[in-house]
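K.L.:
Questions regarding the structure given below will be posed in turn.
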Amino acid sequence: NIYEDENSYLIKTVIPGVDKKDISLSLDNNTLIVFGTTSQENNERLTTLRSEISFKDFKRQITLPKDSDHQSISANLINGILEIIIKKKQKIKPKNIIIN
């Protein structure tokens with residue numbers, strides 16, 4: 021999900037069961053890349069009878085809007101939800117110049 025207000029963009033993605041050390045964020049030109057790895061617990065004493073949980077790497081690519089401030093990207097992982105906040109570039113307002 022991607023949201024916006026007048027000052028920033030908010031990207032939320034659900035990543036249950038993944039530790040933040042297994043997630044990486046990178047920026048390539050104007051594309052934000054979210055990459056993560058999951059690993060299956062190996063217990064040599066147990067034999068799997070049925071498995072409904074899949075373990076695989078994932079990758080998401082998100083093209084950022086042109087007014088994104090790439091220097092202001094921050095991220096938090098709370099209860100399996102990754103929130104990425106990207107501030108918008110400040111717009112330069114027209115300025116009147118007084119002639120003396």
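Residue 48 in the numbering used here sits at position 28 of the sequence shown, and the numbers go up by one each step. A virtual CB, placed ideally from N, CA and C, is assigned to each residue, including glycine. These numbers were taken from a predicted model, which means no experiment stands behind them.
Could you give the DSSP three-state label for residue 91: helix, strand or coil?
P.N.:
Here residue 91 corresponds to residue number 71 of the sequence shown, with the count starting at 1. It is helical.
K.L.:
Have a look at the DSSP bridge pairing and note the partners of residue 54.
P.N.:
Within the sequence shown, numbered from 1, the residue matching residue 54 stands at position 34. Paired residues: 45 and 80.
K.L.:
Can you list, in chain order, the residues of its chain whose CB lies under 6 Å from that of residue 89, leaving out five sequence neighbours each side?
P.N.:
In the sequence shown, counting from the first residue as 1, residue 89 sits at position 69. Excluding sequence neighbours, residue 89 sits near 107 and 109.
K.L.:
Under DSSP, the beta strand (DSSP E) around residue 59 begins and ends at which residues?
P.N.:
Within the sequence shown, the letter at position 39 stands for residue 59. Looking at the DSSP string, residue 59 is not in any beta strand (DSSP E), and its letter there is neither H nor E.
K.L.:
Which whole-angstrom value is the C-beta distance of residue 56 and residue 82, which I expect to be below 8 Å?
P.N.:
Numbered from 1 along the sequence shown, position 36 holds the residue referred to as residue 56. Numbered from 1 along the sequence shown, position 62 holds the residue referred to as residue 82. Contact doesn't hold; Cβ gap of about 14 Å is too wide.
K.L.:
For my contact list, residue 12 and residue 105 are in at a C-beta cut-off of 8 Å; report their separation, rounded to the angstrom.
P.N.:
Residue 12 is absent from the structure shown; the chain starts at 21 and stops at 120.
K.L.:
What does the alpha-carbon distance come out to for the pair residue 84 and residue 119?
P.N.:
Here the question's residue 84 lines up with position 64 in the sequence shown. Here the question's residue 119 lines up with position 99 in the sequence shown. As the crow flies, the alpha-carbon of residue 84 is around 41 Å from that of residue 119.
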